[in-house]
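To start, the structure under review is shown below, and the notes come after it.
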Amino acid sequence: MAHQVRAVVARGKGAPVSLETIIVPDPGPGEALVKIEACGVCHTDLHYREGGINDEFPFLLGHEAAGVVESVGEGVTDVAPGDFVILNWRAVCGQCRACLRGRPWYCFSTHNAKQKMTLTDGTELSPALGIGAFAEKTLVAAGQCTKVDRAASAAAAGLLGCGVMAGIGAAINTGNVGRGDSVAVIGCGGVGAAAVVGSNLAGAAKIIAVDIDDAKLDTAKKLGATHTVNSKDADPVEAIRDLTGGFGADVVIEAVGRPETYKQAFYARDLAGTVVLVGVPTPEMKLELPLLDVFGRGGALKSSWYGDCLPSRDFPMLIDLYLQGRLDLDAFVTETIALDEVEKAFERMHRGDVLRSVVVL
Numbered sequence: 002m003a004h005q006v007r008a009v010v011a012r013g014k015g016a017p018v019s020l021e022t023i024i025v026p027d028p029g030p031g032e033a034l035v036k037i038e039a040c041g042v043c044h045t046d047l048h049y050r051e052g053g054i055n056d057e058f059p060f061l062l063g064h065e066a067a068g069v070v071e072s073v074g075e076g077v078t079d080v081a082p083g084d085f086v087i088l089n090w091r092a093v094c095g096q097c098r099a100c101l102r103g104r105p106w107y108c109f110s111t112h113n114a115k116q117k118m119t120l121t122d123g124t125e126l127s128p129a130l131g132i133g134a135f136a137e138k139t140l141v142a143a144g145q146c147t148k149v150d151r152a153a154s155a156a157a158a159g160l161l162g163c164g165v166m167a168g169i170g171a172a173i174n175t176g177n178v179g180r181g182d183s184v185a186v187i188g189c190g191g192v193g194a195a196a197v198v199g200s201n202l203a204g205a206a207k208i209i210a211v212d213i214d215d216a217k218l219d220t221a222k223k224l225g226a227t228h229t230v231n232s233k234d235a236d237p238v239e240a241i242r243d244l245t246g247g248f249g250a251d252v253v254i255e256a257v258g259r260p261e262t263y264k265q266a267f268y269a270r271d272l273a274g275t276v277v278l279v280g281v282p283t284p285e286m287k288l289e290l291p292l293l294d295v296f297g298r299g300g301a302l303k304s305s306w307y308g309d310c311l312p313s314r315d316f317p318m319l320i321d322l323y324l325q326g327r328l329d330l331d332a333f334v335t336e337t338i339a340l341d342e343v344e345k346a347f348e349r350m351h352r353g354d355v356l357r358s359v360v361v362l
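Sequential numbering of the sequence shown, starting at 2, is according to the working numbering.
Below you can see the structure in the form of structure tokens.
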């Protein structure tokens, strides 16, 4: 039996999103039907609406979500109806070359639901990141569901589905931040703020938050940053060096995704230090660096895909920390909104005055 539900759809490049009725099929083999409780408004959703990901309109937006499994298809054993789950967009296959080498967080063949959700006229929808969770219900591959403790707030838990996990993982998994390290985070929106939290969890001794917005820097300070730099008022490279004995930080996390801020990260790290790119660039952006500097400074230049997370490992662990009071996920929820307020949330995102708007159903 198909399900008619309300959902947020982007029909064309740059056009305002609309609240529409869509058709969600019952789960087939390997699939799960999830009743959505909460979904964060992520910048990636705006990228989809603007045509910055691809042009496979219409898109069913939303992907940073938590909810309850309503039903499962044939062969599904890892989750069951009634399970409270966080949705993820890297459901590992277990068979690709990355998985077989014991690096499933790099899985090159992640699973999505095979059946299509549609508009009422039969037009197939492209779900954002294979999820599409600005909807009362969505259909996903069962591997995209990670069961966590039901005691967690859905609004907070869902944020681990993308931005918060990306930032925490950029610090802990990709950057390998360790006890006593110095870390600089360039860009303190939702992902950068999460990188501050991740660095704090990892035991960094010095965490330098860099942004052009004092409000974001104040939030970063509350989340664990030991120092802040407003890069409108000071050269961030020199400021980071000044705060690290003239050397630069052990790990610099770039959470903006622009060539100019990446260069700042490159030159703000210590010799043999690590740069982590977790900000998402656009296709036309180019980076130019002297190859001798790349060689001479040593260390590592890394990109962080989804915080190099393994959802089955990382989501339950982080929810446990949240329930113990050691990880303040609630601090990332700036506001809760209704399903028909996503377009307004995009406007607030443009102004930069939210960490996360979260749709609560």
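Note that CB positions come from ideal geometry on N, CA and C, so glycine has one too. Values in this document were obtained by computation on a predicted structure and should not be read as measured data.
Measuring only the C-alpha atoms, how far is residue i from residue j?
{"i": "D243", "j": "G13", "result": "48 Å"}
{"i": "L34", "j": "R7", "result": "15 Å"}
{"i": "K103", "j": "C310", "result": "Reading the sequence as shown, one finds Gly at residue 103 and not Lys. When rounded, the distance between both Cα atoms is 13 Å."}
{"i": "V361", "j": "A158", "result": "12 Å"}
{"i": "R91", "j": "R314", "result": "13 Å"}
{"i": "A235", "j": "F267", "result": "17 Å"}
{"i": "P82", "j": "V73", "result": "7 Å"}
{"i": "K345", "j": "G52", "result": "19 Å"}
{"i": "L330", "j": "I320", "result": "9 Å"}
{"i": "C43", "j": "G249", "result": "31 Å"}
{"i": "T220", "j": "M318", "result": "24 Å"}
{"i": "D46", "j": "T227", "result": "32 Å"}
{"i": "G164", "j": "I23", "result": "26 Å"}
{"i": "M2", "j": "K138", "result": "14 Å"}
{"i": "V184", "j": "E21", "result": "44 Å"}
{"i": "V80", "j": "E289", "result": "47 Å"}
{"i": "I213", "j": "A196", "result": "17 Å"}
{"i": "S127", "j": "G299", "result": "42 Å"}
{"i": "E32", "j": "L130", "result": "16 Å"}
{"i": "Q325", "j": "A153", "result": "11 Å"}
{"i": "G204", "j": "G63", "result": "33 Å"}
{"i": "G297", "j": "N201", "result": "30 Å"}
{"i": "G225", "j": "G199", "result": "9 Å"}
{"i": "G123", "j": "G168", "result": "38 Å"}
{"i": "A240", "j": "R349", "result": "30 Å"}
Evaluate residue i with the Cβ neighbour count: other Cβ atoms within 10 Å of its Cβ, from every protein chain shown; 16 or more gives buried, anything less gives exposed.
{"i": "Q364", "result": "Here the chain comprises residues numbered 2 to 362, so residue 364 is not present and cannot be evaluated."}
{"i": "L101", "result": "exposed"}
{"i": "G41", "result": "buried"}
{"i": "R270", "result": "buried"}
{"i": "T283", "result": "exposed"}
{"i": "H351", "result": "exposed"}
{"i": "R327", "result": "exposed"}
{"i": "V276", "result": "buried"}
{"i": "G95", "result": "exposed"}
{"i": "K217", "result": "buried"}
{"i": "D182", "result": "buried"}
{"i": "R98", "result": "exposed"}
Over the uninterrupted alpha helix (DSSP H) stretch that includes residue i, give me the two end residues.
{"i": "K223", "result": "215-223"}
{"i": "E239", "result": "237-243"}
{"i": "L319", "result": "312-324"}
{"i": "K345", "result": "343-352"}
{"i": "C100", "result": "98-101"}
{"i": "A156", "result": "155-158"}
{"i": "G164", "result": "164-170"}
Identify the residues that DSSP records as bridge partners of residue i: which are they?
{"i": "Q5", "result": "I24"}
{"i": "A371", "result": "This structure gives no information on residue 371, because the portion of the chain shown stretches from 2 to 362."}
{"i": "I37", "result": "G68"}
{"i": "S183", "result": "K207"}
{"i": "K148", "result": "V86"}
{"i": "P128", "result": "L61"}
{"i": "I338", "result": "V360"}
{"i": "V277", "result": "I254, K303"}
{"i": "T119", "result": "I24, E125"}
{"i": "E1", "result": "Since the first and last residues shown for the chain are 2 and 362, residue 1 lies out of range."}
{"i": "V73", "result": "A33"}
Going by Cα to Cα distance, which pick from the options is closest to residue i?
{"i": "G247", "options": "S110, A11, L272", "result": "L272"}
{"i": "G176", "options": "T119, L278, T111, G63", "result": "L278"}
{"i": "I209", "options": "E342, N231, A216", "result": "N231"}
{"i": "V10", "options": "I87, R50, R327, I338", "result": "R50"}
{"i": "V77", "options": "G63, G68, G144, L340", "result": "G144"}
{"i": "S304", "options": "P312, L324, G280", "result": "G280"}
{"i": "P26", "options": "H48, T335, M118", "result": "M118"}
{"i": "A66", "options": "F60, E38, E57", "result": "E38"}
{"i": "V149", "options": "V93, V69, T124", "result": "V69"}
{"i": "N113", "options": "P291, V141, T335, W106", "result": "V141"}
{"i": "A155", "options": "I169, G353, T337", "result": "T337"}
{"i": "R151", "options": "F85, E57, L293, L322", "result": "F85"}
{"i": "F316", "options": "F60, M166, C97, L61", "result": "M166"}
Residue range of the beta strand (DSSP E) that residue i falls in?
{"i": "V361", "result": "358-361"}
{"i": "F292", "result": "Note that residue 292 corresponds to Leu in the displayed sequence, not to Phe. Looking at the DSSP string, L292 is not in any beta strand (DSSP E); the run it does join, the alpha helix (DSSP H), is 292-298."}
{"i": "V230", "result": "228-231"}
{"i": "L47", "result": "Where L47 is concerned, there is no enclosing beta strand (DSSP E), although the alpha helix (DSSP H) it sits in stretches over 44-50."}
{"i": "L140", "result": "138-142"}
Taking only heavy atoms of the ligand FMN into account, decide whether any of them is closer than 7 Å to the Cβ of residue i.
{"i": "M350", "result": "Ligands displayed in this structure: none; no statement on the ligand FMN is therefore possible."}
Does the beta carbon of residue i sit closer than 8 Å to a beta carbon anywhere in chain B?
{"i": "P30", "result": "No chain B appears in the structure shown, which is made up of a single protein chain."}
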